[in-house]
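Novice: The opening position of the sequence shown corresponds to residue 6 in my numbering, with each subsequent residue numbered one higher.
Each residue gets a CB set at the ideal place from its N, CA and C atoms; glycine is no exception.
Given the structure is predicted, the values throughout are model-derived calculations rather than measurements.
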Amino acid sequence: MTVQRQIDDLLARLTPDERIAMLHQFAPAVDRLGLAAFRTGQEALHGVAWMGPATVFPQAVGLGATWNPELVRRIGEAVSREVRAMRAKDERVGLNVWAPTVNLLRNPLWGRGEEGYSEDPGLTSAIAVAYTRGLRGDHATYWRTAPVLKHWLAHNNETDRATSSASVRPRVLHEYDLRAFRGAVEAGAVAGVMPAYNLVNGRPNHLSPYLREHLRTWTDQELLVCSDAGAPTNLVEHEHYFATHEEATAAALRAGVDSFTDHGTDAGPIVARLRGALERGLLDQADIHTAVRRQLAVRAALGEFDPDLAPDVAQGAFDTPEHRALALEAAEQAVVLLKNEPQNGGGPLLPLPADARIAVVGPLADACKLDWYSGTLLHRSTPLDGVRERYGSDRVRHADGSDRVTLRTTTGAWLRVPESGAPDEARGAEGALDPALLTGRTDLPPLTADAEGSVFALTDWGGGVLTLRAPDGRYLSVAEDGFVRASADQPGGWVVQETFRWMEHGEGHLLVHIGTGGYVSVAADGVKVAADRASAEILTVEVVEHGERAVARAAADADVVLVVAGNDPHINGRETEDRTTLALPGQQDRLWRAAVAANPRTALVLVSSYPFAVAEAAEALPALLWTAHGGQAAGTALTRVLAGDVSPAGRLPQTWYASDTDLSDLLDYDVIGGRQTYLYFDGVPLFPFGHGLSYTTFGYADAVARIDWELVRVSCTVTNTGTVASDEVAQVYVRAVAPSVPRPHRELVAHRRLHLSPGACEALSFDVPLSALGFWDVAHGRWSVEPGMYEILVGGSSAELLASAPLEVLGVRSGPRPVMELGLDAVAYDEQSGTQIVDRTKVSGDCVTPADPGKEGELVFRRCDFGEGATEVAIEAAGEGMVELALGAGGDRVPLAVIEVAATGGPYAYVTVGAEILARGVADLRIELRGTVRLAHVAFSG
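1) By alpha-carbon positions, which one of R680, W223, P747 ends up nearest to V783?
2) Unbroken beta strand (DSSP E) runs of length 3 or more, entirely within the region 783-835: which are they?
3) Ordered along the chain, which non-local residues of its own chain (more than five positions away) have a Cβ less than 6 Å from that of S613?
4) Could you tell me if V527 is buried or exposed, where buried requires 16 or more neighbouring beta carbons within 10 angstroms of its beta carbon?
5) Between the Cα of G39 and the Cα atoms of I25, H29, L19, which residue gives the shortest distance?
6) DSSP on A625, reduced to helix/strand/coil?
7) Enumerate in chain order the residues of its own chain whose CB-to-CB distance from A287 is below 7 Å, with the five nearest sequence positions on each side excluded.
8) What does DSSP give as the partner residue(s) for C869 in the beta ladder?
9) Between the C-alpha atoms of L471 and T701, what's the straight-line distance to the nearest angstrom?
10) In terms of residue numbering, what span does the beta strand (DSSP E) encompassing G704 cover?
11) DSSP three-state label for P152, please.
12) Below 8 Å on the Cβ atoms is my contact criterion, and I expect L183 with P105 to pass it. Report the Cβ-Cβ distance as a whole number of Å.
13) Please specify which runs of the alpha helix (DSSP H), each continuous and at least 4 residues long, are wholly inside the region 321-376, giving them in chain order.
14) Ignore the nearest five residues each way along the sequence and tell me which others in H514's own chain have a CB closer than 8 Å to its CB.
15) Measuring alpha carbon to alpha carbon, tell me which residue in V739, T415, G697, N349 is nearest V814.
16) May I ask you to list the residues that DSSP assigns as paired with G896?
17) Go ahead and label S85 buried or exposed: buried means 16 or more other beta carbons lie within 10 angstroms of its beta carbon, across all protein chains shown.
18) Quick check on this structure: which residue in S123, T7, L212, R10 has the alpha carbon closest to the alpha carbon of P693?
19) If you draw a straight line from the alpha carbon of Y674 to that of P175, how long is it in whole angstroms?
20) Have a look at the DSSP bridge pairing and note the partners of L934.
21) What residue from T381, P388, E796, S540 has the CA that sits closest to A808's CA?
22) Pull up the distance between the alpha-carbon of A462 and that of H384, whole angstroms please.
23) CA-CA distance, A541 and T504?
24) May I ask you to report which of helix, strand or coil DSSP gives V392?
25) On the DSSP bridge assignment, give the partners of N101 in chain order.
26) Span of the beta strand (DSSP E) holding F461?
27) Going by beta carbon distance, what residues of the same chain come within less than 8 Å of D562, once the five residues before and after it are set aside?
28) Helix, strand or coil for W597 per DSSP?
29) Ordered along the chain, which non-local residues of its own chain (more than five positions away) have a Cβ less than 8 Å from that of A663?
30) On the three-pair Cβ rule with 8 Å, is the region 653-663 touching the region 66-77?
31) Restricting to Cα atoms, I'd like to know which of I880, A234, R299, D530 is closest to D263.
32) Does S776 pass the burial test, meaning 16 or more other C-beta atoms within 10 Å, or should it be called exposed?
33) If contacts are defined as beta-carbon pairs under 8 Å, then L279 and N210 qualify, I think. What distance do you get, rounded to the angstrom?
34) By the 10 Å Cβ neighbour count, where 16 or more other Cβ atoms means buried, how is S838 classified, buried or exposed?
35) Use the C-beta contact count for M794: other C-beta atoms within 10 angstroms, 16 or more gives buried, fewer gives exposed.
36) Buried or exposed: which applies to L626, given that a residue is buried once 16 or more other Cβ atoms fall within 10 Å of its Cβ?
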């Protein structure tokens, strides 16, 4: 029986109630049909997550920094084999993997930047295609795992993420956000997508018309759309988009959501809502049937219905030598050398000499950090571990840079960590379907207060957020019973229980526990967190030693100093929490300054999920490196690069800006109008997109570009002009020389990572689709490659393009906007100020309204062709307010009409209002909006 016949047969034999039950994330078994239970969703962003120990690869942004799709494909394959191996032992491990995240890293303050690959849609797509191909496997019929892309669509903010709306105009939609998803879907390696929590153009992503209008047109295969956790409920309870859950669930299903992730393992509420929607006529059985078919198609692809599943698909592999070596290789390739300047007429600081005495200092020097979507470490390597192993412990000094403090109570006693014989435990080692439900340890005694006290290691992570560690290295944490214990190996959890904040109180401080909002207090049975401020203990902080002093002492005795700074992925920038600044935390800033003051041969090593603005460090220090949190082999990999065993060749997947003032607002999704990312940024970045140095140099020459039908064939040579064998990342960009609309300064269209020995030269060729030179022509509603001159640029970064070739595209330029025939969709503007895009209806369509009803908003439409003359205008609008039309600008401005829109009875109650005008020829049209008016369309006649 063919797969389709199997699916048809199952659908026919399932009862209506059984079909409905399958639409929840945890679909129950149907024993009478031999249908097993099935759940959507197994996190696998950079390794199998949440299900206990597994191989941990570098964070996704680190994989993006490798610029190496083939490496990432092999990582995807390794992860899929570990999924199969773990499932063979634990049926809770799912085969429908929710990975990768392809949201673009538009703004570096986004808290989940660690989950994405790049700010560039082309690079993101290339890495996503590779990872999903690895996850899928290469069997012609069956998939090893079924990847789901996250998060559809235009999702780059955690602040108000369940209620905020991104204004995404057509050009940004087509040129930027959709492209990140399209490549992997068209490659046939994707089983579905997950909509994001936020709204786009005023409509929740779980009702996105683009699922139907775009996503499902890219492939003939069935795609399974899985809701994000709790998002169906959000449609009513947070977004208030519908009055009832029946309406909301029906609308999401009809928009294309096939599996509802809501209320954990309890399918009851979703099942009840679906039944209610059927009873009210909001759905019919065909809607249910369609969604169930899509789920069964994925299950069939995974081989569930084939008892003779191919061994290569079903066979797993777990923690193999090959996987360990791959984790090391990935971590090495992800290291980006940002700066490496010669000193005092000598050579550069890096690589380190073989006999160097090294100080490894800073809060991440002896850390191997995990993020929310990591597995539990099977192996662990910190920078300090790596350097000690490579250079010998006797040649390595260490200071973590934390302040050593004691905490004195009002009675004169000191907070103390009692001794305990309890064994160490790693958070999440046992695995959990929902790690947010994991609780802290209660088997350890809580802190007490006595005459002896303990010395705590205080680390300030910025923004006033701090952690405290006991003398044995464990973090102070708060469990469900409210007691404070030294119990955590690392900060972690959905609500982090290991972070605190000082609150000044008289001549002392209150210690606020951030996770609960309570105050640390001292009681007879131990130190605990109290909800009421009156019970809070007033603490006096006495510094035993400042971290800068310990760092300076270690630095003074070393030949070279490595200051390892960065972030903890669970603090100040993570899911649910955006960053507020690009600045390095103040304590870490002081540490590198103390180190270089004691020893000018100091390098700053940033281990982080995102960029920092470190302009002063970049000016003062001879060497800087960046790597994302590199997984289980991070320390060994970093040391091999520092020692010169491997020449660094990672490249920045996103722009590093010099300061916060370079950034647009976090909620400004218009990369074109907001001049965002390397594509449009008009300033000078601290480090540009694609930047990364090596221990050698490369030359580019012989660039040639020619059009061959629908391809642009690009060739060049690249030569290792230095003395060290190294990888290089050859990058190809395109620039429109005289575009008719704002275009990128340069845009990546191809790249390749290759290895070259000293003196070696390689001829490279790239086939670039001619369409890659195009843009979305809002005047005519189509993708357009504009005739004219282009420049093809090749080199080692977006700012160091060493060879170029001219390219001429022949043809006829598009004419002006045919407004007499087509009118104007308000959303198809060329420029805007003070407006936002909102939903025309709850099902589809866009319109434009003032961002602030009390202020004026303006839309600009360039080169509108009024022909022999337009004498009437008719606007389609809802709400209430004024619409003013004019031609030209400034002193040449010619008013056309002022149209009042009386209250229409609601935001979706549209009326058509007209006025007489006189316009002829080709001119720029300006439309001003005031009030709550929502403009959808403008028509002209004459």
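Specialist: Straight from the coordinates:
1) Reading the sequence shown from its first residue, position 778 is the one you call residue 783. Minimum Cα distance to V783 is reached at P747.
2) 787-789, 793-802, 805-814
3) Against the sequence shown, residue 613 aligns to sequence position 608. The residues are G571, N572.
4) Taking the sequence shown and counting its residues from 1, the one referred to as residue 527 is at position 522. Label assigned to V527: buried.
5) Here residue 39 corresponds to residue number 34 of the sequence shown, with the count starting at 1. G39 has its Cα closest to that of L19, out of I25, H29, L19.
6) Residue mapping note: residue 625 aligns to position 620 of the sequence shown, counting from 1. Helix at A625.
7) Taking the first residue of the sequence shown as position 1, residue 287 is located at position 282. Checking the displayed sequence, the identity of residue 287 turns out to be Leu instead of Ala. Excluding residues within five positions, the ones whose Cβ falls inside 7 Å are E251, E252, A255.
8) Here residue 869 refers to the residue found at position 864 of the sequence shown. Per DSSP, R822, A928.
9) For the purposes of this step, residue 471 is identified with residue 466 of the sequence shown, where counting begins at 1. For the purposes of this step, residue 701 is identified with residue 696 of the sequence shown, where counting begins at 1. Distance between the alpha carbons of L471 and T701 is about 41 Å.
10) Mapped onto the sequence shown, residue 704 falls at position 699. Residues 703-713.
11) Here the question's residue 152 lines up with position 147 in the sequence shown. Here P152 sits in strand by DSSP.
12) As a working note, residue 183 is residue 178 in the sequence shown. As a working note, residue 105 is residue 100 in the sequence shown. Not quite, the Cβ-Cβ distance comes to about 16 Å (not below 8 Å), so this is no contact.
13) The alpha helix (DSSP H) runs of length 4 or more contained entirely in the region 321-376 are, from start to end of the chain, 326-338.
14) By one-based count along the sequence shown, residue 514 stands at place 509. Once the five neighbours on either side are set aside, the close Cβ partners of H514 are W507, M508, I543, L544, T545, V546.
15) On the sequence shown, position 809 is the one that residue 814 refers to. Considering only alpha carbons, the answer is V739.
16) In the sequence shown, the residue the question calls residue 896 occupies position 891. Paired residues: none, contrary to the question.
17) Sequence index remark: in the sequence shown, residue 85 carries index 80 (1-based). Result: buried.
18) In the sequence shown, the residue the question calls residue 693 occupies position 688. Comparing Cα-Cα distances from P693 to each of S123, T7, L212, R10, the minimum goes to S123.
19) Stepping through the sequence shown from its first residue, residue 674 is reached at position 669. Stepping through the sequence shown from its first residue, residue 175 is reached at position 170. Y674 and P175: Cα-Cα distance of roughly 12 Å.
20) In the sequence shown, residue 934 corresponds to position 929, counting from 1. DSSP lists G862, V888 as partners of L934.
21) Residue mapping note: residue 808 aligns to position 803 of the sequence shown, counting from 1. If we check each option's Cα against that of A808, E796 comes out closest.
22) Sequence index remark: in the sequence shown, residue 462 carries index 457 (1-based). Sequence index remark: in the sequence shown, residue 384 carries index 379 (1-based). The alpha-carbon separation between A462 and H384 amounts to approximately 25 Å.
23) Here the question's residue 541 lines up with position 536 in the sequence shown. Here the question's residue 504 lines up with position 499 in the sequence shown. Approximately 17 Å, taken between the alpha carbons.
24) Here residue 392 is taken as the residue at index 387 of the sequence shown, counted from 1. The answer is helix: DSSP assigns V392 an H, G or I state.
25) Along the sequence shown, one-based indexing puts residue 101 at 96. Looking at the DSSP assignment, N101 forms a beta bridge with A151.
26) For the purposes of this step, residue 461 is identified with residue 456 of the sequence shown, where counting begins at 1. F461 -> beta strand (DSSP E) spans 461-465.
27) Here residue 562 refers to the residue found at position 557 of the sequence shown. If we look at D562 and ignore the five residues flanking it on each side, its Cβ neighbours are R362, A364, R402.
28) Working through the sequence shown from its first residue, we reach residue 597 at position 592. Of the three classes helix, strand and coil, the one that applies to W597 here is helix, per DSSP.
29) For the purposes of this step, residue 663 is taken as the residue at position 658 of the sequence shown. Only A618, A620, G688, V689, P690, L691 meet the Cβ criterion.
30) Contact between the region 653-663 and the region 66-77 is present, with at least three C-beta pairs closer than 8 Å.
31) As a position in the sequence shown, residue 263 is number 258, starting the count at 1. With distances taken between Cα atoms, D263 lies closest to R299.
32) The residue given as residue 776 occupies position 771 in the sequence shown. With fewer than 16 neighbouring CB atoms inside 10 Å of its own CB, S776 falls in the exposed class.
33) Here residue 279 is taken as the residue at index 274 of the sequence shown, counted from 1. Here residue 210 is taken as the residue at index 205 of the sequence shown, counted from 1. With a contact defined as Cβ atoms closer than 8 Å, L279 and N210 miss out at about 20 Å.
34) On the sequence shown, residue 838 is found 833 positions in, with the first residue counted as 1. So S838 ends up on the exposed side.
35) The residue given as residue 794 occupies position 789 in the sequence shown. Per the 10 Å Cβ criterion, exposed.
36) As a first step, residue 626 must be located in the sequence shown, where it is residue number 621. Answer is buried; the Cβ neighbour count reaches 16.
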